[in-house]
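Enquirer: Submitted below is the structure of interest, expressed as structure tokens.
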Amino acid sequence: MGYNPDKPMEGRISDLGPLYYEQFFPAVIKENKGKWLWHEIIQPGVLMHKSESGAEVYTIRAGGVRLMSVEFVREICDIADKHCDGFLRFTTRNNIEFMVDSKAKVQPLLDDLKSRGNKFPVGGTGAGVTNIVHTQGWVHCHTPATDASGVVKAVMDELFDYFTSMTLPAQCRIALACCLNMCGAVHASDIAILGVHRKPPMIDHSRISGVCELPLAIASCPLGAVKPAKVEIDGKEIKTVKVNNERCMFCGNCYTMCPAMPLADPDGDGIAILVGGKVSNRISAPKFSKLVIPFLPNTTPRWPETVEAIKKILVAYAADAKKYERVGEWAERIGWEKFFEKCDIPFTEKSIDDYRLAYDTWRTTTQFKYTSHIK
Amino acid sequence: MAKHETPLLDQLESGPWPSFVTDMKHQAETKPEVWDILGQLELSYTDKITHWKHGGIVGVFGYGGGIVGRYSDLPKRFPGVEHFHTVRVAQPSSKYYSTKHLRDIMNLWEKYGSGMTNFHGSTGDIILLGTRTENLEPLFWDLTHDLGQDLGGSGSNLRTPANCIGQSRCEWSCYDTEECCYFLTQKYQDEIHRPAFPYKFKFKFSGCANDCVAAIARSDIAVIGTWRDNIRIDQAAVKEYVAGNYPANGGAHSGRDWGKFDLQKEVIGLCPTGCMWMEGGQLKIDDKECTRCMHCINVMPRALRPGVDTGATICVGAKAPILDGAQFATLIVPFMKVSKDNEFEELVNFIETVWDWWMEVGKNRERVGETMQRVGLPTFIKVMGIEPIPQHVKEPRSNPYVFWQDEEVPGGFERDVVEFRKKHAA
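Here is the structure:
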């Protein structure tokens, strides 16, 4: 018996919530939960956790693409059935983790993964670049200013050696959000790839009264740039809105509230790069990512400008930062003027905050460094 | 045989990182509608703009969240994606799966959906990407009846809570993040499925200050593990690190020659509070000065461990930039016991106090962090019934504009200007 459309409420089950997690634990995890003593990354992508019981669990981490097919997930299951007693997990950064309970089982699993072409790159541990967390982009979203999966593929192809090694001063977390809504929450990433719009919304006067609550559209603008207006359509006066373009900061919040105010545009849209954020409280407090490159174009299919910009930042960071220093800690130690110089990024007024609380970021000390910016 | 030419996407099939394009083409062999996903995506690569229409409200009976409506703006050209709704399925704590369960979900999605998924969405749900409106109820029936599984959250409700890996495979987790996440997810099923809030609301549970689930950056209530006794030290293991017999930071830096491990420079010298020193060959920590940042423990996992009197720090109000700029969560409760033994009673009370207040005063589409900013932190902690402490601020205010209350000032605010003038001629 399945769903009966004639009696939709009959036999309905709701509010089950997720299944209880413990049934999905591999045996070694179930037996040793809460007993782990220490861990070691024995090679890039392979972790060993030691329990007070003496048990060990070896975790092999493979980069996942987040956007994956049913067939691909089945292949992951095949691997876990063959090597891991039918269990696996995913990390918060979309990596796939295969766990085995003895060292002897590690190499056969690694060999198996390697035999499957480039599908399961092993890495993403320690002082390297782990998987890029990202949003939907043009594959599924209605408000994006760029794609997600394609940009990530292009960037990870270029940074691949950093994924499979641990040569950086600290871990580097890269994230992509395809618009300012930031479903990907890139605002606290070492390197953030952010889709941005640069043209104010158009007003579809012919549709607006049918699809929008005008007061909500007006209230949606954080800068009061959306105002009530009247226009004539086919000789009839209709109530609509107008946008003060000079005030628009292209956040897209009006379009979220009102489908008759589209702002995406092939030339207007692109990518901004923000750097120096972090989530961890380790040594220094969590930091927001800061905007260092205001715009790069959507050059499909491989976004070469974005890829090059990120590589340049990463190479400069790898060469100059001290052991344990995250990108943001490095930039603060050397000073942001040095950051721009060392990364060869032109500084523009677009990196100077002029939104609310902007003053917090203006420099109010005589301490600075003489960089090429001072002519 | 390709239904659409995809010369731009084809260029994403080369290179060492796994290719979603190759994967989708493979899936299209058995699910031809995937060709229309690729076809429409290729067009976006040509046009440099999305081809999905704005929104669309769809769902299953009785739920106000869990499904995100989506329609193609070129349904005739790409009929396979005319409807392309997202189904959010609640993920198990820590995202462990049996292959049996994953295969069951895949079979279901092969039957009712596009054949494409996300493992996982940004908030943590399993994302089943793209199905038609008429498939939603049958899918939900099978999901609940056959798989014992449920939808996650979307819209102005409690979003699917998420946790770090916790004690199941991490030695640092100061409370059971998995159990806490599961317990509260079950407790608040109504809040997840039926929007009654001003805007979205997120819980995230991290076991320590490393915060692997980004709770402090992304959740309205962040529960981050900590302790209030002393870091446990194994002095013999400290010596092994000093001798170079154990790799620093769990081997995280082994890909590069950073020279011999230097305890003074790498641990003591980087401690943000300067509360560590060596004395007579022993590592000493003045735990009263420690702010539990995790650095020393991260560097020497075999020598140092969090204390045993553990709990969590509760921070409130993180969000991404829309609209008034990004916010990190603000520390509200420095230490709270978080335990299943009393069904997380303190945390439950805390959550419900926040909700009762926010549902009353929060404006439409205002995250709780924004409401806190609007009314001010002093008002918020008063609402929460919490005494103000220096831990609530980075530093005291530098402006003198205190909102004194009538009852705080002797004689109150009401005064007689006529009496005043008798002594002070104008």
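Residue numbers (the numbering used here), protein chains in the order written: chain A, 70 to 444; chain B, 92 to 517.
Note that the Cβ used here is the ideal one computed from N, Cα and C, for glycine as well.
Let me check understanding here. Comparing Cα to Cα, which of B:S213, B:L230, B:H174 and B:V180 lies closest to E201 (chain B)?
Expert: Of the candidates B:S213, B:L230, B:H174 and B:V180, the one whose C-alpha sits nearest the C-alpha of E201 (chain B) is B:L230.
Enquirer: Please report the distance separating the alpha-carbon of R260 (chain B) from that of P87 (chain A).
Expert: Computed Cα separation, rounded: 20 Å.
Enquirer: Pull the bridge partners of A131 (chain A) from the DSSP assignment, please.
Expert: A:I165 and A:V191, per the DSSP bridge assignment.
Enquirer: Between V68 (chain A) and chain B, is there a C-beta pair that is closer than 8 Å?
Expert: No answer is possible for residue 68 (chain A): the residues shown for chain A start at 70 and end at 444.
Enquirer: Between P190 (chain A) and chain B, is there a C-beta pair that is closer than 8 Å?
Expert: Yes, contact with chain B.
Enquirer: Please name the residue, chosen from B:E510, B:R512 and B:W495, that lies closest to F504 (chain B) on a Cα-to-Cα basis.
Expert: The residue with the shortest Cα to Cα distance from F504 (chain B) is B:W495.
Enquirer: Where does W200 (chain B) fall in DSSP's three states?
Expert: In this structure, W200 (chain B) counts as helix in the three-state DSSP scheme.
Enquirer: Chain B partners of S349 (chain A), CB-CB under 8 Å?
Expert: Chain B residues near S349 (chain A): A300, N301, D302 and M385.
Enquirer: Decide if K102 (chain A) is buried, meaning its Cβ has at least 16 other Cβ atoms within 10 Å, or exposed.
Expert: Buried: at least 16 other Cβ atoms inside 10 Å.
Enquirer: So that I know if they touch, is there some Cβ in chain B lying closer than 8 Å to that of K102 (chain A)?
Expert: Interface residue, yes.
Enquirer: Below 8 Å on the Cβ atoms is my guess for V191 (chain A) versus L182 (chain A); work out the distance and round it to an integer in Å.
Expert: The Cβ separation is near 6 Å, so the contact holds.
Enquirer: Kindly identify the DSSP beta-bridge partner or partners of E301 (chain A).
Expert: According to DSSP, E301 (chain A) bridges with A:E306.
Enquirer: Along chain B, in chain order, which residues have C-beta atoms closer than 7 Å to that of A226 (chain A)?
Expert: It is Asp, not Ala, that sits at residue 226 (chain A) in the sequence shown. Within 7 Å Cβ-Cβ: G106, P107 and W108.
Enquirer: Counting beta carbon pairs with one atom in the segment 403 to 413 of chain A and one in the segment 234 to 252 of chain A, are three or more of them shorter than 8 Å?
Expert: In short, these stretches do not touch, since the Cβ pair count stays below three.
Enquirer: With a threshold of 8 Å, are at least 3 pairs of Cβ atoms found where one atom belongs to the segment 163 to 176 of chain B and the other to the segment 133 to 140 of chain A?
Expert: No, because fewer than three Cβ pairs between the segment 163 to 176 of chain B and the segment 133 to 140 of chain A fall closer than 8 Å, the two stretches do not touch.
Enquirer: Nearest to P415 (chain A) by CA position, among A:R371, A:P177, A:I443 and A:K311, is which residue?
Expert: Looking at the Cα atoms, A:I443 is the closest of the given residues.
Enquirer: Quick check: is the beta carbon of E401 (chain A) nearer than 8 Å to any beta carbon in chain B?
Expert: Not one chain B Cβ lies under 8 Å of E401 (chain A).
Enquirer: To the nearest whole angstrom, what separates the beta carbons of H284 (chain B) and D84 (chain A), a pair I think is in contact under 8 Å?
Expert: That pair is a contact at about 6 Å.
Enquirer: Taking Cβ positions only, does I140 (chain B) come closer than 8 Å to chain A?
Expert: Closer than 8 Å to some Cβ of chain A, the Cβ of I140 (chain B) qualifies, so yes.
Enquirer: Taking 8 Å as the cut-off, decide whether the C-beta atoms of V180 (chain B) and I217 (chain B) are in contact.
Expert: Cβ atoms of V180 (chain B) and I217 (chain B): closer than 8 Å.
Enquirer: Secondary structure at S218 (chain A), three-state DSSP: helix, strand or coil?
Expert: If DSSP states are grouped into helix, strand and coil, S218 (chain A) belongs with the helices.
Enquirer: Residues in its own chain within less than 8 Å of G246 (chain B) by CB, not counting five upstream and five downstream?
Expert: Correct list, in chain order: G155, G156, P286 and K291.
Enquirer: Give me whichever residues DSSP pairs with A403 (chain B) in a beta bridge.
Expert: Partner(s): B:G316 and B:M427.
Enquirer: Residues of chain A with CB under 8 Å from A93 (chain B), in chain order?
Expert: Those do not exist, as A93 (chain B) stays about 16 Å from chain A at its closest Cβ, beyond 8 Å.
Enquirer: Nearest by alpha-carbon distance to E104 (chain B): which of A:D226, A:C210 and A:R402 is it?
Expert: The option with the nearest alpha carbon to E104 (chain B) is A:D226.
Enquirer: Would you say I82 (chain A) faces chain B, with C-beta separation under 8 Å as the test?
Expert: Yes, because at least one Cβ of chain B sits closer than 8 Å to the Cβ of I82 (chain A).
Enquirer: Just curious, the beta strand (DSSP E) that K94 (chain B) is in, first and last residue?
Expert: Where K94 (chain B) is concerned, there is no enclosing beta strand (DSSP E), given that its DSSP letter is neither H nor E.
Enquirer: Give me the chain A residues within the contact set of M197 (chain B), using Cβ-Cβ distance strictly less than 7 Å, ordered along the chain.
Expert: Those within 7 Å of M197 (chain B) in chain A are V139, V142 and R143.
Enquirer: Can you find a CB in chain B that lies within less than 8 Å of the CB of A378 (chain A)?
Expert: It does not; no Cβ of chain B falls within 8 Å.
Enquirer: Any beta-carbon of chain B closer than 8 Å to the one on M235 (chain A)?
Expert: Judged by the 8 Å Cβ criterion, M235 (chain A) is in contact with chain B.
Enquirer: Quick one: what does DSSP say I362 (chain A) is sitting in, helix, strand or coil?
Expert: I362 (chain A): strand per DSSP, three-state reduction.
Enquirer: What separation, rounded to the nearest whole angstrom, lies between the Cα atoms of W107 (chain A) and P392 (chain B)?
Expert: Between W107 (chain A) and P392 (chain B), the C-alpha separation is close to 5 Å.
Enquirer: Pairing CB atoms from the segment 174 to 181 of chain A with CB atoms from the segment 96 to 115 of chain B, are three or more of them under 8 Å?
Expert: No, because fewer than three Cβ pairs between the segment 174 to 181 of chain A and the segment 96 to 115 of chain B fall closer than 8 Å, the two stretches do not touch.
Enquirer: Which residues, in chain order, does the segment 256 to 269 of chain A contribute to contact with chain B at a C-beta distance below 8 Å?
Expert: Residues H256 and A257.
Enquirer: Which word fits P328 (chain A), buried or exposed, when buried means at least 16 other C-beta atoms lie within 10 angstroms of its C-beta?
Expert: P328 (chain A) comes out buried.
Enquirer: Write down every uninterrupted run of the alpha helix (DSSP H) in the segment 149 to 212 of chain B whose length is 4 residues or greater and which is fully enclosed by it, in chain order.
Expert: Listed in chain order, the complete alpha helix (DSSP H) runs (minimum 4 residues) inside the segment 149 to 212 of chain B are 190 to 203.
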